[in-house]
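>
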Amino acid sequence: MSQSSDFETMDFVAASLFTPGPLTPEPSTPAEARSSRRDEDRLFRHFRGYTWSQRSRNTKSWVWEYGFDIEKDSERRWVCRLCIERNRSKPGNVVAIGTQNANGISGTTTKFKTPPENAFNLDLNAPREQAIANRLIKSFDRNVFQRLVAEWVVESHLSFREPENKRLRAIFEYLNPFVVSTDAHVGHDTVRKRAVAEFEKHKGK
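Per UniProt numbering, numbering through the sequence shown is continuous, rising by one, with the last residue being 205.
1. Ends of the beta strand (DSSP E) at Glu164?
2. Kindly list the residues whose CB is nearer than 6 Å to the CB of Phe145, restricted to its own chain and excluding five residues on each side of it in sequence; keep chain order.
3. Less than 8 Å between the C-beta atoms of Arg76 and Phe68, yes or no?
4. Hey, out of Glu129, Glu200, His188, whose CA is closest to Glu162's CA?
5. Applying the 10 Å Cβ sphere with the 16-neighbour rule, what's the burial state of Asp141?
6. How is Val180 classed by DSSP in three states: helix, strand or coil?
7. With distance defined between alpha-carbon atoms, name the residue in Gly49, Asp123, Arg45 nearest to Arg88.
8. Hey, would you say Ile137 sits closer than 8 Å to Leu122, going by beta carbons?
9. Beta-carbon within less than 7 Å of Glu173's beta-carbon, same chain only, minus the 5 sequence neighbours each way: which residues are those?
10. Comparing C-alpha positions only, which one of Arg38, Phe47, Asn176 sits nearest to Phe120?
11. Short check: CB of Asn53 to CB of Glu71, under 8 Å?
12. At which residues does the alpha helix (DSSP H) containing Lys193 begin and terminate?
13. Rounding to the nearest angstrom, what Cα-Cα distance links Val79 and Lys90 in this structure?
14. Please go through the same chain and pick out, in chain order, the residues whose beta-carbon is closer than 7 Å to the beta-carbon of Val149, but skip the five residues on each side of it.
15. Determine the extent of the alpha helix (DSSP H) in which Asn93 is found, giving its start and end residues.
16. Checking 8 Å against the spacing of the C-beta atoms, do Gln130 and Thr182 come in under that value?
17. Mapping DSSP to helix, strand and coil, what is Phe68?
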């Protein structure tokens with residue numbers, strides 16, 4: 001796609017329906033909210049030093065719907081959701097590689113990037129600081145970040161390669177270390193795909 005056609009696409013997409021979505025889904029009722037907080041408290045009482053996995057929002061397998069996805073340093077762990085909801089003293093859990101161990105297949109852990117909560121000097125074995133780290137993790141949505149960057153490029157008529165600028169990326173990483181740990185940086189191919197998708201969606205309207 002040429003640069004001129006890039007700008008034509010951006011003109012169309014900028015005028016289309018770019019409507020921001022919520023950063024995180026909210027429980028639909030007060031009872032659900034209380035239940036969610038109760039289960040989270042129970043979960044992290046059992047697993048001190050762990051936080052929500054930073055890769056969980058990108059996990060598509062059905063297996064994870066039946067458990068909680070948490071991590072500590074290089075270890076990712078699947079915890080039985082029903083066990084937590086029923087407040088069992090020893091909830092079922094396995095060290096997970098992708099979805100293999102969650103399906104009952106054992107294996108060794110792989111090395112992940114250092115969790116960015118370390119950048120905030122939090123002691124994950126202290127309940128209060130563990131809770132703070134989890135709030136930080138839940139507050140960052142990789143998909144929302146990428147969408148916002150793509151919209152900024154399109155609406156500002158910038159080159160699709162603008163998000164690849166090293167200084168701009170350094171700013172993003174300084175503002176939120178989760179940009180690095182969740183591999184959220186946007187390249188020109190991602191911006192183009194999002195712009196073209198919006199163009200195709202709205203060109204017939």
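C-beta atoms are modelled at their ideal positions from N, C-alpha and C, and glycine is treated no differently.
Well, looking at it:
1. One-based indexing of the sequence shown puts residue 164 at position 164. Taken as a continuous stretch (DSSP letters only), Glu164 belongs to no beta strand (DSSP E), as it is neither H nor E.
2. On the sequence shown, residue 145 is found 145 positions in, with the first residue counted as 1. Its chain contains Ala184 as the residues whose beta carbon lies nearer than 6 Å to that of Phe145, once the 5 sequence neighbours on both sides are disregarded; these appear in chain order.
3. For the purposes of this step, residue 76 is taken as residue 76 along the sequence shown, with counting starting at 1. For the purposes of this step, residue 68 is taken as residue 68 along the sequence shown, with counting starting at 1. No, they are not a contact pair.
4. Residue numbering aside, residue 162 sits at position 162 when the sequence shown is read from its first letter. The shortest CA-to-CA distance from Glu162 to any of Glu129, Glu200, His188 is the one to His188.
5. By 1-based counting over the sequence shown, the position of residue 141 is 141. The residue in question, Asp141, is buried, as its Cβ has 16 or more Cβ neighbours within 10 Å.
6. For this step, residue 180 is matched to residue 180 along the sequence shown. Here Val180 sits in helix by DSSP.
7. As a position in the sequence shown, residue 88 is number 88, starting the count at 1. The residue with the shortest Cα to Cα distance from Arg88 is Arg45.
8. For the purposes of this step, residue 137 is identified with residue 137 of the sequence shown, where counting begins at 1. For the purposes of this step, residue 122 is identified with residue 122 of the sequence shown, where counting begins at 1. It is not a contact, given that the beta carbons lie outside the stated cut-off.
9. In the sequence shown, the residue the question calls residue 173 occupies position 173. Correct list, in chain order: Val179, Val180.
10. Translated into the one-based positions of the sequence shown, residue 120 becomes position 120. The shortest Cα separation from Phe120 among Arg38, Phe47, Asn176 belongs to Asn176.
11. On the sequence shown, residue 53 is found 53 positions in, with the first residue counted as 1. On the sequence shown, residue 71 is found 71 positions in, with the first residue counted as 1. The identity of residue 53 in the sequence shown is Ser, whereas the question assumes Asn. Going by C-beta atoms, Ser53 is nearer than 8 Å to Glu71.
12. Counting from 1 along the sequence shown, the entry for residue 193 is found at position 193. Where Lys193 is concerned, the enclosing alpha helix (DSSP H) stretches over 188-202.
13. Numbered from its first residue, the sequence shown carries residue 79 at position 79. Numbered from its first residue, the sequence shown carries residue 90 at position 90. Each residue's Cα considered, the two are about 10 Å apart.
14. As a working note, residue 149 is residue 149 in the sequence shown. Cβ neighbours of Val149 beyond the five flanking positions: Pro163, Val186.
15. Here residue 93 refers to the residue found at position 93 of the sequence shown. Taken as a continuous stretch (DSSP letters only), Asn93 belongs to no alpha helix (DSSP H), being part of the beta strand (DSSP E) at 93-95.
16. Numbered from its first residue, the sequence shown carries residue 130 at position 130. Numbered from its first residue, the sequence shown carries residue 182 at position 182. Their beta carbons are not under 8 Å apart, which means Gln130 does not touch Thr182 by this criterion.
17. Residue mapping note: residue 68 aligns to position 68 of the sequence shown, counting from 1. DSSP places Phe68 in strand when its eight states are reduced to three.
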